[in-house]
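To start, the structure itself, in structure tokens.
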Amino acid sequence: MGPVLAGVLQLLALTAALALVYVPLGTYMARVYTSDRHWRVEKWIYKGIGADPDTQMRWPAYLRGVLGFSLVGVLFLYLLQRLQGVLPGSLGFSSIEPAQAFNTAASFVTNTNWQSYAGEQAMGPLGQTGGLAVQNFVSAAVGMAVAVALVRGFARSRTGDLGNFWADLVRGTVRVLLPLAFVAAIVLVACGVLQNFSGIHEVGQFLGGGQQWNGGAVASQEAIKELGTNGGGYFNANSAHPFENPTPFSNLFEIFLILVIPFSLTRTFGVLVGSVRQGWAILATMATIWVGFVALMMWTEFAHHEGALRIAGGALEGKELRFGVGASSIFAVSTTLTSTGAVDSFHSSYTGFGGGLTMLSMMLGEIAPGGTGSGLYGMLMLAVIAVFIAGLMVGRTPEYLGKKIGSREIKLAAVYILITPALVLVFAALSMALPTPPHSILNPGAHGFSEVLYAFTSASNNNGSAFAGLNANTDWYNTTTALAMLLGRFLPMVFVLALAGSLARQQPVPVTAGTLRTDKPLFAGLLLGAILIIVGLTYFPALALGPLAEGLAS
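Okay, structure coming up:
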């Protein structure tokens, strides 16, 4: 079997698996967020945190819950790292330096999981499992809660109530993420992924010295790392490490975990708004982008005129031979089109155009299918823009799901669209203009600029992957990427929840002959076009200076 055919067959198998679970998982999540019952363990949690899960919240109260909970998470994780040297379960590792501790705390609370350290050389089981893995669960649950709040804004009328943040947070964690992660961890253990609490071991003797490796609860952390679109690896090599991802099957399974909740949430959206066809339209847009980017990535990594790459059968530098170019391409696109950031190959080693595709995937806003929760609400914000454009074309007040998109709604959606590009471009420009930050760049020329552009694209979009050539463990990059992660996560949420509150107060307008049908292929095409045009106009100059210049020069 040739490598190209192997890659295509893996893509088909993955698509079939996602299609198989789409309806049951999406419908189940809709029931989770509409249930009137509270499980006993949930009641204990509500009692412990002093929350009333039956109290309805308007958008400012919902937002205060999101921000307050996340602030506590940042402080807790920061202190856990700073005190690691005196706490048990540290394997003798010293405390994390302040700038790096702040960066890591911001990273995991924002669902980014950017890592400027080597996991197995910096943290013991307490920090990895008790700190980072916990945030893998709750940061994903926060994203799902905000997405559900926005959907309620479309579904409800003449009320400002968006549900209860604490109930949404707990249910997303207890009823969705924990059971799925438990099953996924068992599958990963069966594939050979480590799961223990062993310390540091000496393995073999090489040239008079030994090699050290440490064990840990890797499978359980790996499961939620992918399922919650988190991405932070237990080991520095992330999912390229055989202890995290040992076989081609485990690799395909991890890609499945990355995509399964974001894609299935479109079904949840359709059920909650009372029209599953609306969910199909959003799914079709997401799937078209994902398949198209996978095809482009495979083409640019397989097709070469250079003799060495042609003989090798593709661009193999930075890729694990046990996965090959095809599977690595699927993983690279899936992890950057979502907010995962996990890697089974190193994106800095991709071809110029291939590296550019990973950046462009993030620049789309990570909406295809995007992060756990954040992908859905990002796509819905773009859908608001799309119906507004359609309204301008025909001279009619735009409507989406029976709600009028007036000046307030379009302003909120427009500011949401502008936040992330502003963060990316401003921080990247400062890093190139100031005298000290460029010293962290490993490669000169266009590729060196791509390293910086990739870093802030990844941080601002809460992805977490990196072009490995950049030394990000400096005070400048630890501080600026942390700020980019925090602002890129929580500023958009402000406008998402404000839009949800505005929509929930409206009275639905009746469907007429002039109403744009947003459950038809025409709207999916319009939405796709709006996404590509917005991203192209925003980022093309920066891409031309980096990956496009590198690709044309090779």
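Our numbering puts the first residue of the sequence shown at 52, with every later residue one more than the last.
The C-beta atom is built at its ideal place from N, Cα and C for all residues, glycine as well.
| Query | Result |
| --- | --- |
| DSSP bridge partner residues for residue 396 (one or two, in chain order) | 370 |
| Length of the line joining the Cα atoms of residue 105 and residue 199 | 16 Å |
| Rounded straight-line distance, which links the Cα of residue 102 to that of residue 677 | Nothing can be reported for residue 677: it is not among the residues displayed for the chain, which extend from 52 to 605. |
| Residues near residue 271 by beta carbon distance below 6 Å, same chain, minus five either side | 236 |
| 9 Å Cβ cutoff, residue 323 in contact with chain B | Note that chain B does not occur in the displayed structure, where there is just one protein chain. |
| Integer Cβ distance of residue 274 from residue 241, believed to fall under 8 Å | Residue 274 to residue 241, Cβ: 12 Å. No contact. |
| Counted within 10 angstroms of its Cβ, other Cβ atoms place residue 87 as buried (16 or more) or exposed | exposed |
| Under 9 Å between C-beta atoms of residue 227 and residue 192 | yes |
| When 419, 526, 586 are compared against residue 469, the one with the closest alpha-carbon | 586 |
| Counted within 10 angstroms of its Cβ, other Cβ atoms place residue 544 as buried (16 or more) or exposed | buried |
| Beta-carbon proximity list for residue 634, same chain, < 7 Å, skipping 5 on both sides | Any question about residue 634 goes unanswered here, given that the chain covers just 52 to 605. |
| Cα-Cα separation, residue 517 to residue 403 | 15 Å |
| Alpha-carbon to alpha-carbon, residue 538 and residue 532 | 10 Å |
| Residue from 149, 208, 163 with nearest C-alpha to residue 324 | 208 |
| Alpha-carbon spacing of residue 196 relative to residue 53, whole angstroms | 44 Å |
| Residue 265 in three-state terms, based on DSSP | strand |
| Alpha-carbon spacing of residue 330 relative to residue 599, whole angstroms | 35 Å |
| Minimum C-alpha distance to residue 384 - residue among 502, 373, 407 | 407 |
| Identity of the residue in 455, 423, 427 nearest residue 438 by Cα | 455 |
| Residue 112 vs residue 216 beta-carbon contact at 9 Å | yes |
| CB contact flag (residue 221, residue 97, <9 Å) | yes |
| Per DSSP, cross-strand counterpart(s) of residue 5 | Shown here, the chain extends from 52 to 605; a query on residue 5 therefore has no answer. |
| Environment of residue 639 [buried if 16+ CB atoms lie within 10 Å] | Residue numbering for the chain in the displayed model covers 52 to 605; residue 639 lies beyond these limits and cannot be assessed. |
| Cβ-Cβ separation, residue 354 to residue 299 (assumed contact under 8 Å), whole Å | Incorrect: roughly 22 Å between the Cβ atoms, too far for contact. |
| Residue 458 and residue 194 closer than 9 Å at C-beta | no |
| Classification of residue 16 by the beta-carbon crowding that lies within 10 angstroms, buried from 16 upward | Because the chain is modelled from 52 through 605, residue 16 falls outside the range shown and cannot be assessed. |
| Alpha carbon of residue 480 to alpha carbon of residue 84, nearest angstrom | 42 Å |
| Residue 427 and residue 420 closer than 9 Å at C-beta | yes |
| Extent of the continuous alpha helix (DSSP H) to which residue 432 belongs | 425-445 |
| Cβ-based neighbour list, residue 289, same chain, cut-off 6 Å, excluding 5 preceding and 5 following | 393, 394 |
| Helix, strand or coil at residue 321 according to DSSP, with G and I counted as helix | helix |
| Boundaries (first-last residue) of the alpha helix (DSSP H) holding residue 169 | Run containing residue 169: none; DSSP gives neither H nor E here. |
| Sequence-distant residues of its chain with Cβ nearer than 7 Å to residue 73 (five each side left out) | 314, 315, 318 |
| Collapsed DSSP secondary structure at residue 565 in the structure displayed | coil |
| Endpoints, the alpha helix (DSSP H) within which residue 353 is located | 327-353 |
| Backbone secondary structure at residue 17 - three-state DSSP | Outside the shown range of the chain (52 to 605) lies residue 17, about which nothing can therefore be said. |
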